[in-house]
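Asks:
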Amino acid sequence: MFYQVKTIMPEIFVYCKTCAKKVKAVILTKHEKEYDDSISGYRRYGMVKILEHNVGFRKNCSDTSQIKAIVESDSKDDNGVMN
Numbered sequence: 003m004f005y006q007v008k009t010i011m012p013e014i015f016v017y018c019k020t021c022a023k024k025v026k027a028v029i030l031t032k033h034e035k036e037y038d039d040s041i042s043g044y045r046r047y048g049m050v051k052i053l054e055h056n057v058g059f060r061k062n063c064s065d066t067s068q069i070k071a072i073v074e075s076d077s078k079d080d081n082g083v084m085n
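Here the numbering used here is used: the first residue of the sequence shown is 3, the next is one more, and so on.
Below, the structure is given as structure tokens:
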């Protein structure tokens, strides 16, 4: 018997470079953890792919690029985005 397995890629929130909105992104890779003195904690960078998102009424931002972003951090901003 075979079972269909659905792989779930973890999602985080990042800011879009084009429209500057808080959007969902899928984590593709993770790099090593690094200590950062500015937050007195650890950060982990990685590559993420921004998902297509709405900009306004019936308008989508088509920027679905892959960017380097913080994928794990001990610090978050007011919108819940890691910084």
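We treat Cβ as the ideally placed atom computed from N, Cα and C, and that holds for glycine.
1. Going by DSSP in three states, Glu54 sits in which element: helix, strand or coil?
2. Please go through the same chain and pick out, in chain order, the residues whose beta-carbon is closer than 6 Å to the beta-carbon of Glu74, but skip the five residues on each side of it.
3. Under a three-way DSSP split, which group does Gly82 fall into?
4. Hey, how far is the Cα of Ile72 from the Cα of Asn85?
5. Determine whether the beta carbon atoms of Lys29 and Gly43 lie at a separation below 7 Å.
Replies: In brief:
1. The residue given as residue 54 occupies position 52 in the sequence shown. Coil, per DSSP.
2. Position 72 of the sequence shown holds residue 74. Only Arg46 meet the Cβ criterion.
3. Position 80 of the sequence shown holds residue 82. Residue state, collapsed to three classes: coil.
4. Within the sequence shown, numbered from 1, the residue matching residue 72 stands at position 70. Within the sequence shown, numbered from 1, the residue matching residue 85 stands at position 83. When rounded, the distance between both Cα atoms is 7 Å.
5. For the purposes of this step, residue 29 is taken as residue 27 along the sequence shown, with counting starting at 1. For the purposes of this step, residue 43 is taken as residue 41 along the sequence shown, with counting starting at 1. Looking at the sequence itself, residue 29 is Ile, so the reference to Lys does not match. In this structure, Gly43 does not lie closer than 7 Å to Ile29 by Cβ.
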